[in-house]
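A.B. asks: I have a structure I would like to understand better, so I am pasting it below and will then ask my questions one at a time.
2 protein chains.
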Amino acid sequence: MATIRDVAKAAGVSIATVSRVYNNQSLVSPQTTQLILKIADELEYVPNSAARNLIMRRTHTLGVLLPDLYGEFYSELIRGIELVAHRHGFQILLSSSFHGPEDIVMASKAMLGRIDGVIMMSPDKRSMRTAEKISGKVPVVLLNPGEPIEGCHVVAVDNFAGARAATKHLLDLGHRRLAMVAGPEDNIDALDRQEGFRRALIDAGLDPEEALVIPGDFRELSGFKAARVIMGQDPRPTAVFAANDGMAIGLMAALQDKGLALPDDMAVVGFDDITLAGFVTPPLTTVKVDAGCLGGRAVEIMLETLDMEETAPTQRVVLPAHLKVRSSCGIPAGRDHFSRRPWMEPEPHHPEKPVATEYGDEEVQP
Amino acid sequence: MATIRDVAKAAGVSIATVSRVYNNQSLVSPQTTQLILKIADELEYVPNSAARNLIMRRTHTLGVLLPDLYGEFYSELIRGIELVAHRHGFQILLSSSFHGPEDIVMASKAMLGRIDGVIMMSPDKRSMRTAEKISGKVPVVLLNPGEPIEGCHVVAVDNFAGARAATKHLLDLGHRRLAMVAGPEDNIDALDRQEGFRRALIDAGLDPEEALVIPGDFRELSGFKAARVIMGQDPRPTAVFAANDGMAIGLMAALQDKGLALPDDMAVVGFDDITLAGFVTPPLTTVKVDAGCLGGRAVEIMLETLDMEETAPTQRVVLPAHLKVRSSCGIPAGRDHFSRRPWMEPEPHHPEKPVATEYGDEEVQP
DNA sequence: ATTCAGCATGTAAAGGGTTTCATAAAATCC
DNA sequence: GGATTTTATGAAACCCTTTACATGCTGAAT
Chain S
1 MATIRDVAKA
11 AGVSIATVSR
21 VYNNQSLVSP
31 QTTQLILKIA
41 DELEYVPNSA
51 ARNLIMRRTH
61 TLGVLLPDLY
71 GEFYSELIRG
81 IELVAHRHGF
91 QILLSSSFHG
101 PEDIVMASKA
111 MLGRIDGVIM
121 MSPDKRSMRT
131 AEKISGKVPV
141 VLLNPGEPIE
151 GCHVVAVDNF
161 AGARAATKHL
171 LDLGHRRLAM
181 VAGPEDNIDA
191 LDRQEGFRRA
201 LIDAGLDPEE
211 ALVIPGDFRE
221 LSGFKAARVI
231 MGQDPRPTAV
241 FAANDGMAIG
251 LMAALQDKGL
261 ALPDDMAVVG
271 FDDITLAGFV
281 TPPLTTVKVD
291 AGCLGGRAVE
301 IMLETLDMEE
311 TAPTQRVVLP
321 AHLKVRSSCG
331 IPAGRDHFSR
341 RPWMEPEPHH
351 PEKPVATEYG
361 DEEVQP
Chain L
367 MATIRDVAKA
377 AGVSIATVSR
387 VYNNQSLVSP
397 QTTQLILKIA
407 DELEYVPNSA
417 ARNLIMRRTH
427 TLGVLLPDLY
437 GEFYSELIRG
447 IELVAHRHGF
457 QILLSSSFHG
467 PEDIVMASKA
477 MLGRIDGVIM
487 MSPDKRSMRT
497 AEKISGKVPV
507 VLLNPGEPIE
517 GCHVVAVDNF
527 AGARAATKHL
537 LDLGHRRLAM
547 VAGPEDNIDA
557 LDRQEGFRRA
567 LIDAGLDPEE
577 ALVIPGDFRE
587 LSGFKAARVI
597 MGQDPRPTAV
607 FAANDGMAIG
617 LMAALQDKGL
627 ALPDDMAVVG
637 FDDITLAGFV
647 TPPLTTVKVD
657 AGCLGGRAVE
667 IMLETLDMEE
677 TAPTQRVVLP
687 AHLKVRSSCG
697 IPAGRDHFSR
707 RPWMEPEPHH
717 PEKPVATEYG
727 DEEVQP
């Protein structure tokens with residue numbers, strides 16, 4: 001592969017001049033620039049990025065560490081991250097599917113020197129300690145950490161409030177026997193959502209210990225299987241809150257298979273508002289989590305931090321999780337003459353429409 | 367940040383010795399190794415990856431260029447890529463959301479020197495030329511290219527055969543007035559699927575020009591909107607083939623909103639077999655495309671190529687697209703006593719279950 | 001004519017590692 | 001006990017760039 005030296009030799013100039021053509025053309029005379037560009041093209045010369053990274057100490061790359069990639073949540077998260085990063089000329093160095101804290105440490109070490117910052121979402125609280133190690137080297141933005149980590153920015157989703165609102169909605173609709181399909185037991189989001197559920201029950205004067213909580217793993221099938229447990233109850237719950245939409249949809253499928261009419265025989269509420277949630281029948285009432293926004297916001301905070309040379313105070317952004325009422329919870333009074341899918345907008349999530357500009361209603365906590 | 371020099375100085379050894387501790391411990395005496403490790407730990411020294419990349423000419427990183435990240439297909443594709451890459455200690459340098467061929471060239475240039483190879487999926491045929499430029503520098507694996515490119519490996523999904531089989535299935539069920547919701551008109555997969563649809567009609571002695579083809583963009587909403595066009599036809603089609611599951615589900619939602627009973631009033635078939643396809647009601651008949659496998663296989667071919675120093679002959683792997691019959695096409699005779707979701711397996715797509723070992727039925731073309 | 005600013009370019013020193021080759025000390029051999 | 005091999009370490013070259021500084025040159029100002 002041609003190097004800057006080959007080009008310099010062929011053009012009869014020094015490597016410094018070639019370098020200047022690629023970095024600051026105004027420093028080189030037009031004729032020389034043209035000549036070098038022509039020769040570089042013939043030689044198919046492309047500056048070696050690793051070498052530039054090394055000397056410039058700027059990589060235009062963000063490290064992204066995620067616990068998993070399964071499901072639309074992560075899909076949208078990465079999409080949001082990539083979209084904003086791409087817009088600023090940044091690339092993404094991705095690592096995922098960790099088996100433990102050591103694994104995640106290894107991955108982050110392998111990134112050092114090749115990234116300008118790290119955006120990480122921890123699978124569990126234990127692994128969160130990794131962030132402390134990295135934060136001494138490069139800026140870190142944490143996604144939904146259980147608790148804040150010294151020196152790291154945080155962007156979080158208000159899982160607790162969202163779950164509480166969703167549960168309250170069911171209670172307001174008159175339901176008294178509620179069940180929940182929970183997420184993975186070591187997952188921070190899942191835990192927060194479960195807490196929100198319990199809190200809403202307490203708020204309503206019910207005993208959260210009496211509510212049926214079925215373990216799940218965020219996957220559709222675990223929701224599907226949960227139906228059997230629910231159907232076996234006597235008295236049977238009248239409403240179910242699933243910790244994410246995937247499980248909610250799995251649950252709905254199973255309930256419908258067993259002959260239940262939704263939402264009349266059973267109200268179901270999910271969490272995340274994946275795209276498909278609006279397209280199942282009945283449309284799923286859920287809590288909207290803008291995963292793309294979560295990622296996009298994290299990148300913006302990272303880029304801000306990178307722009308300032310002095311270390312800035314750590315930011316903490318909490319994105320709201322809004323209840324999105326559709327039909328699966330039982331159509332609220334006064335809504336039944338609307339189209340079944342009135343929330344439909346012209347072009348949701350369209351690539352042209354920047355995720356990053358939709359943060360109007362976020363709440364910033366100092 | 368501590369460098370190898372700092373560690374060497376603190377330990378009273380040369381940088382060569384420190385380097386050897388991290389690369390080939392057997393070259394250094396146990397005592398010295400312990401000392402250096404201890405000091406490195408105190409100094410929080412981590413070898414700079416950019417510097418290693420530069421001199422070793424090995425980055426343990428794969429560049430991934432994708433047209434978009436929207437939807438479960440890309441989600442699973444990346445997941446498959448990452449899973450196999452991770453297992454071999456590789457990281458992923460991701461770039462996506464391109465606005466044109468120049469954009470994609472820029473991105474790939476920014477990767478050079480930081481990657482060992484490129485896995486790329488082109489948004490359109492035009493951009494495919496980019497692959498030629500890169501292939502001179504690093505190995506390239508193309509995902510679903512329109513036509514093969516000199517010097518590049520190819521992993522493709524048999525979109526044509528899949529679409530043909532899906533359409534044939536509808537025809538075999540007795541349907542004669544078919545409609546299709548097509549994908550983006552410059553998208554290679556979408557085009558192949560449309561061709562498969564046409565071919566099946568021709569096979570059945572029908573005129574493909576008479577079949578209604580509604581434009582779509584692979585998103586749920588475009589399927590939802592297509593329902594209006596379909597309902598406006600007279601005589602109305604009795605079956606619809608959607609170019610992907612997202613649009614199929616959107617379509618089903620709209621048809622059900624309009625009061626149609628599925629599959630009796632209208633048969634619907636999708637493409638991709640996203641996880642949710644099995645959980646909508648009625649369960650969606652579709653063509654299974656294992657996106658994770660597609661990505662995983664691409665990584666494996668890449669790693670094989672990287673292992674061999676001489677240039678190996680380019681491989682071409684075509685992954686089959688199997689028809690997956692569920693209920694949305696009208697339950698075939700003899701199936702109606704089965705559970706509505708008989709295909710449910712214990713733990714589909716579980717992370718522990720390696721995507722890479724499921725290639726039993728792929729077809730390799732020399 | 002001299003001085004000086006400004007421009008185009010070259011020289012050489014980083015940047016942080018790996019690795020070849022050389023060297024000295026220790027272990028092995030006869 | 002001297003020759004030879006093995007082992008542990010160091011010196012320096014190298015990977016490919018960027019950039020501070022030096023140089024020579026042109027043209028304007030004095």
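If you read the sequences in order, they're chains S and L.
One point on numbering: in my numbering, the residue at position 256 of the first sequence is 256, and numbering is uninterrupted.
Numbering-wise, my numbering comes out as the position in the second sequence, counting from 1, plus 366.
Idealized CB from N, CA, C, for every residue including glycine.
#1: Measure from the alpha carbon of N244/S to the alpha carbon of each residue in I274/S, A261/S and T167/S, then state which is nearest.
#2: Do the CB positions of S154/S and L142/S come within less than 8 Å of each other?
#3: If the cut-off is 8 Å on Cβ atoms, which residues from the segment 98-110 of chain S count as contacting chain L, listed in chain order?
#4: Would you decide whether G232/S is buried or exposed? Buried here means 16 or more other CB atoms lie within 10 Å of its CB.
#5: Hey, is R445/L's beta-carbon within less than 8 Å of any beta-carbon in chain S?
#6: Determine which residues of the segment 43-55 of chain S have a Cβ less than 7 Å from any Cβ of chain L, and write them out in chain order.
#7: Is the beta carbon of G696/L less than 8 Å from the beta carbon of P603/L?
#8: Under 8 Å, with one C-beta from each stretch per pair, do the segment 471-483 of chain L and the segment 680-689 of chain L reach the 3-pair mark?
#9: In chain order, what residues of the same chain have a beta carbon less than 8 Å from the beta carbon of D6/S, not counting five sequence neighbours either side?
#10: Check whether the segment 459-474 of chain L touches the segment 630-639 of chain L, counting contact only when three or more Cβ pairs, one atom from each stretch, lie closer than 8 Å.
#11: What ranges does the beta strand (DSSP E) occupy inside the segment 496-549 of chain L, keeping only unbroken runs of at least 3 residues that lie completely in it?
#12: For the segment 654-677 of chain L, which residues have a CB atom closer than 8 Å to at least one CB atom of chain S, in sequence order?
#13: With a CB to CB cut of under 6 Å and the five nearest residues on each side skipped, what residues in its chain are close to R594/L?
#14: Is S96/S close to chain L? Criterion is C-beta to C-beta, closer than 8 Å.
#15: Determine, using beta carbons only, whether L443/L and L650/L come nearer to each other than 8 Å.
#16: Just to confirm my understanding: we take I405/L, look at its own chain, exclude 5 residues before and 5 after, and list those with CB closer than 6 Å. What are they?
#17: Closest Cβ-Cβ distance between H688/L and chain S: below 8 Å?
#18: So, helix, strand or coil for D369/S, using DSSP?
#19: Taking DSSP as the reference, what is the three-state secondary structure of L221/S?
#20: Under 7 Å between beta-carbons, which chain L residues line up against I249/S? List them in chain order, please.
#21: Tell me, please, whether the segment 213-227 of chain S touches the segment 163-173 of chain S by the rule of three or more beta-carbon pairs shorter than 8 Å.
#22: Quick check: what's the CA-CA separation for M1/S versus K654/L?
#23: Of all Cβ atoms in chain L, is any one closer than 8 Å to the Cβ of A10/S?
#24: For chain S, is any of its Cβ atoms less than 8 Å away from the one on A627/L?
#25: Is there contact between the segment 154-170 of chain S and the segment 191-199 of chain S, where contact requires at least three CB pairs shorter than 8 Å?
#26: I'd like to check one pair, A619/L with F645/L: are the Cβ atoms closer than 8 Å?
#27: Look up R480/L in the DSSP assignment and say whether it is helix, strand or coil.
#28: Within the 8 Å Cβ cut-off, does E150/S reach chain L?
#29: Looking at the secondary structure, which residues open and close the beta strand (DSSP E) in which L628/L lies?
#30: Which first and last residues belong to the alpha helix (DSSP H) in which T3/S is found?
#31: Under 8 Å, Cβ to Cβ, is there at least one residue of chain L near L69/S?
#32: Roughly how many angstroms separate the alpha carbons of L37/S and R543/L, rounded to a whole number?
#33: In three-state terms, what does DSSP make of E718/L?
#34: Please report the residue range of the alpha helix (DSSP H) in which T286/S lies.
#35: Would you mind telling me which residues of chain S sit closer than 7 Å to L449/L, beta carbon to beta carbon, in chain order?
C.D. replies: The relevant details are as follows:
#1: I274/S
#2: Rather than Ser, the amino acid found at residue 154/S in this sequence is Val. Against a cut-off of 8 Å, the Cβ pair of L142/S and V154/S comes out as a contact.
#3: A107, K109 and A110
#4: exposed
#5: yes
#6: E44, V46, N48, S49, A50, A51, N53 and L54
#7: no
#8: no
#9: L43 and Y45
#10: no
#11: 506-509, 519-523 and 544-547
#12: none
#13: none
#14: yes
#15: no
#16: V373, A376 and A377
#17: no
#18: No statement about residue 369/S is possible, as the shown extent of chain S runs from 1 to 366 and does not include it.
#19: helix
#20: L642 and F645
#21: no
#22: 41 Å
#23: no
#24: no
#25: yes
#26: no
#27: coil
#28: no
#29: Note, L628/L: premise wrong, no beta strand (DSSP E); not H, not E.
#30: Element bounds for T3/S: n/a, residue is neither H nor E.
#31: yes
#32: 59 Å
#33: At E718/L the pLDDT is 37, less than 50, meaning the model places this residue with poor confidence; the figure from the coordinates comes in the next sentence. Looking at E718/L - three-state DSSP - the assignment turns out to be coil, as it is neither helix nor strand.
#34: Careful: T286/S lies outside any alpha helix (DSSP H), inside the beta strand (DSSP E) at T286 to K288.
#35: S97
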